[in-house]
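Protein chains in written order, with the numbering used here: chain A, 513 to 604; chain B, 836 to 1093.
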């Protein structure tokens, strides 16, 4: 299944361009599986624990809803889902 | 430094002069605001912390809307690298204290409003004084640390706070009403590393600062619904606006018990 990942702010800078990533994942994959895939593909650029680790303030959304209010890392993904990683920003 | 306008003190707080009625005509015509809303704006006192990119847009719109008193706080001087986004200032203002230039500019824009220009940096020690007597505060800061100080002080005193922030081609906004919705510490539970010299395209603080002014006008006049428990994420890259639900954290060290 195809998943669209959108990254924001400082994360967008790490992934480059528009910050959009297009991933192919097996049916039934969860956010945890998606993170593993990101680790495989982009682990050299980004410490994945920055996204969901204990010291992370990054909001992880599936189709606009934060995973904390879904099933957390076990949130199941469906074909065509859109996942967003939104870190806090400080500029003014 | 304080700049007070004699005309403000001469004008009556519970009435609008013919010139005020004309100045605010287009917004008084807006259903839901009217003369009643305009009088609420005239009586309102708003603290704006930071007069950089966000603060430029926010104060220009609040002054033109006729908010009775704007207390503006910033300890910075105008620098050349500010001018891509800080629309209160011009090239001839380089090196001058921001709050002094801002006060002059805002008074020129609207002599009916009172401007208190305070050339200080917001800290734990002065946050109470700065918030004293105001109806609400607007976060136009440029770092996390000061934002948390402002958040904590507002929650403690039950003052509404409009949070805005920007980065690059993105913006964020959330309205915090203590006791009614999440605070900044619910939104950002752990103190993040500061971001240093933050990249920014000028229109972004313009958009977010303008929306902060709009939220302030809404809170003051009771118009519509403020963005409580709703983080507005603006992405200029594809021009999308997202409203992300944010809930109160019952264990929040700042607002959890309030």
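For glycine and all other residues, C-beta sits at the position ideal for the given N, C-alpha and C.
Going along chain A, which residues have a C-beta under 7 Å from residue 998 (chain B)?
Those do not exist, as residue 998 (chain B) stays about 10 Å from chain A at its closest Cβ, beyond 7 Å.
Can you tell me which of B:985, B:916, B:982, B:988 puts its alpha carbon nearest to the alpha carbon of residue 1036 (chain B)?
Of the candidates B:985, B:916, B:982, B:988, the residue whose Cα lies closest to the Cα of residue 1036 (chain B) is B:916.
Residue 574 (chain A), enclosing beta strand (DSSP E) - first and last residue:
Residue 574 (chain A) -> beta strand (DSSP E) spans 571-574.
Contact check, residue 1039 (chain B) vs residue 997 (chain B) under 8 Å by CB: the rounded distance?
Rounded, the Cβ-Cβ distance is 16 Å, inconsistent with contact.
For the alpha helix (DSSP H) that contains residue 906 (chain B), what are its first and last residues?
No alpha helix (DSSP H) holds residue 906 (chain B); the beta strand (DSSP E) holding it covers 904-908.
If you follow the beta strand (DSSP E) that residue 959 (chain B) is in, where does it begin and where does it stop?
From DSSP, residue 959 (chain B) is part of no beta strand (DSSP E) but of the alpha helix (DSSP H) over 959-966.
For residue 948 (chain B) versus residue 1006 (chain B), is the C-beta distance shorter than 8 Å?
Their beta carbons are not under 8 Å apart, which means residue 948 (chain B) does not touch residue 1006 (chain B) by this criterion.
Cβ distance (whole Å) where residue 974 (chain B) is taken to contact residue 884 (chain B) below 8 Å
A Cβ-Cβ distance of about 6 Å is found for the pair residue 974 (chain B) and residue 884 (chain B), placing them in contact under the 8 Å criterion.
Per-residue burial, residue 571 (chain A) [other beta carbons within 10 Å of its own, 16 or more giving buried]:
Buried: at least 16 other Cβ atoms inside 10 Å.
Within a Cβ cutoff of 6 Å, which residues of the same chain sit near residue 867 (chain B), ignoring the five residues on either side of it in sequence?
The beta carbon of residue 867 (chain B) lies closer than 6 Å to those of 1058 in the same chain, with the five residues before and after it left out.
With distance defined between alpha-carbon atoms, name the residue in B:1068, B:1050, B:1067, B:1071 nearest to residue 1061 (chain B).
That would be B:1050, whose Cα lies nearest to the Cα of residue 1061 (chain B).
Let me check one thing: in DSSP terms, what residues is residue 554 (chain A) bridge-paired to?
Looking at the DSSP output, residue 554 (chain A) bridges to nothing.
What residues in the region 912-931 of chain B bring their beta carbon closer than 9 Å to a beta carbon of chain A?
Correct list: empty, as no residue qualifies.
Check distances from the C-beta atoms of the region 963-984 of chain B to those of chain A and list, in chain order, the residues that come in under 7 Å.
Contacts with chain A (Cβ-Cβ distance below 7 Å) from the region 963-984 of chain B involve 975, 976, 977, 978, 979, listed in chain order.
Can you pull out the residues from the region 842-867 of chain B whose beta carbon lies closer than 7 Å to at least one beta carbon of chain A?
Going along the region 842-867 of chain B in chain order, one finds no residue with a Cβ nearer than 7 Å to chain A.
Suppose you measure from the CA of residue 913 (chain B) to the CA of residue 1045 (chain B); what does that come to, to the nearest Å?
Near 21 Å, if we compare the C-alpha coordinates of residue 1045 (chain B) and residue 913 (chain B).
Answer with yes or no whether the minimum CB distance from residue 1086 (chain B) to chain A is below 8 Å.
No, because no Cβ of chain A sits closer than 8 Å to the Cβ of residue 1086 (chain B).
Does residue 588 (chain A) get closer than 8 Å to chain B when you measure Cβ to Cβ?
Against chain B, the CB of residue 588 (chain A) has no partner CB under 8 Å away; the residue lies outside that interface.
Chain A contact residues for residue 1035 (chain B), given Cβ-Cβ distances below 8 Å:
The answer, in chain order, is 603.
Inter-residue CB distance, residue 543 (chain A) and residue 585 (chain A) (contact presumed, cutoff 8 Å):
So it is a contact: roughly 5 Å between Cβ atoms.
Short of 9 Å Cβ to Cβ, which residues in the region 568-600 of chain A face chain B?
Residues 568, 569, 571, 573, 576, 577, 578, 580, 581, 596, 598, 599, 600.
To the nearest angstrom, how far is it from the Cα of residue 547 (chain A) to the Cα of residue 1048 (chain B)?
One C-alpha to the other measures close to 39 Å.
Thinking C-alpha only, which one of A:558, A:590, A:587 is nearest residue 528 (chain A)?
Out of A:558, A:590, A:587, A:558 has the C-alpha closest to the C-alpha of residue 528 (chain A).
Among B:911, B:896, B:863, which one has its Cα closest to the Cα of residue 886 (chain B)?
Ranking the options by Cα distance to residue 886 (chain B), first place goes to B:911.
Taking only runs of the beta strand (DSSP E) that begin and end inside the region 855-880 of chain B, which ones reach a length of at least 3 residues, in chain order?
Counting whole runs of 3 or more residues, the region 855-880 of chain B contains no beta strand (DSSP E) stretch at all.
Do we get a CB-CB distance below 8 Å when we pair residue 530 (chain A) with the residues of chain B?
Look at residue 530 (chain A): its C-beta is under 8 Å from a C-beta on chain B.
Backbone CA spacing between residue 841 (chain B) and residue 984 (chain B) [nearest angstrom]:
Note on residue 841 (chain B): pLDDT 49, under 50, position unreliable in the model; no value is reported.
Buried or exposed: which applies to residue 858 (chain B), given that a residue is buried once 16 or more other Cβ atoms fall within 10 Å of its Cβ?
Residue 858 (chain B) is buried by the Cβ-count criterion.
Given 8 Å as the limit, is there contact between the region 900-910 of chain B and the region 947-963 of chain B, that is, 3 or more CB pairs closer than that?
At 8 Å Cβ cutoff, the stretches touch.
Do residue 907 (chain B) and residue 995 (chain B) have their CB atoms nearer than 8 Å?
In this structure, residue 995 (chain B) does not lie closer than 8 Å to residue 907 (chain B) by Cβ.
Whole angstroms is fine: what's the gap from residue 954 (chain B)'s alpha carbon to residue 578 (chain A)'s?
Near 40 Å, if we compare the C-alpha coordinates of residue 578 (chain A) and residue 954 (chain B).
Give the list of continuous alpha helix (DSSP H) stretches no shorter than 4 residues that lie fully inside the region 1013-1080 of chain B.
Fully contained in the region 1013-1080 of chain B are the following alpha helix (DSSP H) runs of length 4 or more, in chain order: 1019-1022, 1038-1056.
Name the residue from B:1079, B:1019, B:882, B:1068 whose alpha carbon lies nearest to the alpha carbon of residue 1087 (chain B).
Looking at B:1079, B:1019, B:882, B:1068, the one whose alpha-carbon comes closest to that of residue 1087 (chain B) is B:1019.
Taking the alpha helix (DSSP H) that residue 950 (chain B) belongs to, which residues open and close that run?
Looking at the DSSP string, residue 950 (chain B) is not in any alpha helix (DSSP H); the run it does join, the beta strand (DSSP E), is 949-953.
Please classify residue 926 (chain B): is it buried, with 16 or more other beta-carbons within 10 angstroms of its beta-carbon, or exposed?
Exposed, because fewer than 16 other Cβ atoms sit within 10 Å of the Cβ of residue 926 (chain B).
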